[in-house]
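Participant:
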Amino acid sequence: MDDVGASSQSSLPPAEPQAPNPEPPEPQDPDPDLSHPLLDDNTRRAELDERAGFHFVGLSEKKKDKVLNAQVQIERAIEKALLSLGYSRDELSQKSKRDEIRGFLFYRNGKLLSMKNIRVLSERSPIWDPP
9 MDDVGASSQS SLPPAEPQAP NPEPPEPQDP DPDLSHPLLD DNTRRAELDE RAGFHFVGLS
69 EKKKDKVLNA QVQIERAIEK ALLSLGYSRD ELSQKSKRDE IRGFLFYRNG KLLSMKNIRV
129 LSERSPIWDP P
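To convert, note that position 87 of the sequence shown is 95 in the numbering used here; the numbers rise steadily by one, no gaps.
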């Protein structure tokens, strides 16, 4: 019986050397491409305009455009900063979450932020302690 076992082992092909285990992929950022905003500027502007509602009553079209342009710029910077901090695109894609952020940024105490304060926001780093 020992001879049979020995001969069957010798008929097996020689074992090939094992290739080293491939290295695991390097961890990726939560969102490697922050240059793609969640909304295009026209959609963002339309949402901001709708959100403003009665806050724009009495403003000239020129002033309204100025406010909306600044809000779009600020919101894009905030979005990019939040994504870079690890907030999920899914969460920030929810209109209710965007409206919550907009309320905090642009409508403190239920009033539209003045152009002076909007300018201050647009000149600051996206990560800040609110004024």
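Glycine is no exception: its CB is placed at the ideal position from the N, C-alpha and C atoms.
Tell me the residue span of the alpha helix (DSSP H) that contains ARG106.
Facilitator: Position 98 of the sequence shown, counted from the first residue, corresponds to residue 106. Per DSSP, ARG106 belongs to the alpha helix (DSSP H) from 103-114.
Participant: Tell me the rounded alpha-carbon separation between SER122 and GLU108.
Facilitator: Within the sequence shown, residue 122 is the residue found at index 114, counting from 1. Within the sequence shown, residue 108 is the residue found at index 100, counting from 1. Each residue's alpha carbon lies about 19 Å from the other.
Participant: Whose CA, out of HIS63, ARG59, VAL75 and LEU90, lies closest to the CA of LYS124?
Facilitator: Against the sequence shown, residue 124 aligns to sequence position 116. Minimum Cα distance to LYS124 is reached at VAL75.
Participant: Using only alpha-carbon positions, find the residue among ARG127, GLY111, LEU91 and GLU131 that is nearest to ASP57.
Facilitator: Counted from its first residue, the sequence shown places residue 57 at position 49. Out of ARG127, GLY111, LEU91 and GLU131, GLY111 has the C-alpha closest to the C-alpha of ASP57.
Participant: For the alpha helix (DSSP H) holding LEU91, just list the boundary residues, first then last.
Facilitator: The residue given as residue 91 occupies position 83 in the sequence shown. 69-92 is the extent of the alpha helix (DSSP H) around LEU91.
Participant: Using 8 Å for Cβ pairs, my map puts ARG97 next to GLU55. What's the rounded Cβ distance?
Facilitator: Reading the sequence shown from its first residue, position 89 is the one you call residue 97. Reading the sequence shown from its first residue, position 47 is the one you call residue 55. ARG97 to GLU55, Cβ: 17 Å. No contact.
Participant: Give the straight-line distance between the Cα atoms of TYR95 and PHE64, rounded to the nearest whole angstrom.
Facilitator: Position 87 of the sequence shown, counted from the start, is the residue given in the question as residue 95. Position 56 of the sequence shown, counted from the start, is the residue given in the question as residue 64. Computed Cα separation, rounded: 31 Å.
Participant: Drop a sphere of 10 angstroms on the beta-carbon of PHE114, count the other beta-carbons inside from all chains shown, and report buried for 16 or more, exposed for fewer.
Facilitator: Taking the first residue of the sequence shown as 1, we reach residue 114 at position 106. When all chains shown are included, PHE114 counts as buried.
Participant: Taking the alpha carbon of ASN50 as the reference point, which residue from LEU91, ARG84 and SER43 has its own alpha carbon closest?
Facilitator: Working through the sequence shown from its first residue, we reach residue 50 at position 42. When only C-alpha atoms are compared, the closest one is ARG84.
Participant: Tell me whether GLU131 is buried or exposed, calling it buried when 16 or more other Cβ atoms sit within 10 Å of its Cβ.
Facilitator: Mapped onto the sequence shown, residue 131 falls at position 123. When all chains shown are included, GLU131 counts as exposed.
Participant: Please name the residue, chosen from GLY118, SER101, ALA78 and LYS119, that lies closest to ILE126 on a Cα-to-Cα basis.
Facilitator: Mapped onto the sequence shown, residue 126 falls at position 118. Ranking the options by Cα distance to ILE126, first place goes to ALA78.
Participant: Do you know offhand how far LEU47's Cα is from ALA60's?
Facilitator: On the sequence shown, position 39 is the one that residue 47 refers to. On the sequence shown, position 52 is the one that residue 60 refers to. So the alpha carbons of these two residues sit roughly 18 Å apart.
Participant: Helix, strand or coil: which one does DSSP assign to ASP49?
Facilitator: One-based indexing of the sequence shown puts residue 49 at position 41. Correct three-state label for ASP49: helix.
Participant: Return helix, strand or coil for PRO38, following the three-state DSSP convention.
Facilitator: Stepping through the sequence shown from its first residue, residue 38 is reached at position 30. Any reading at PRO38 must be qualified, since the residue scores a pLDDT of 48, below 50, and its modelled position is unreliable; no value is offered.
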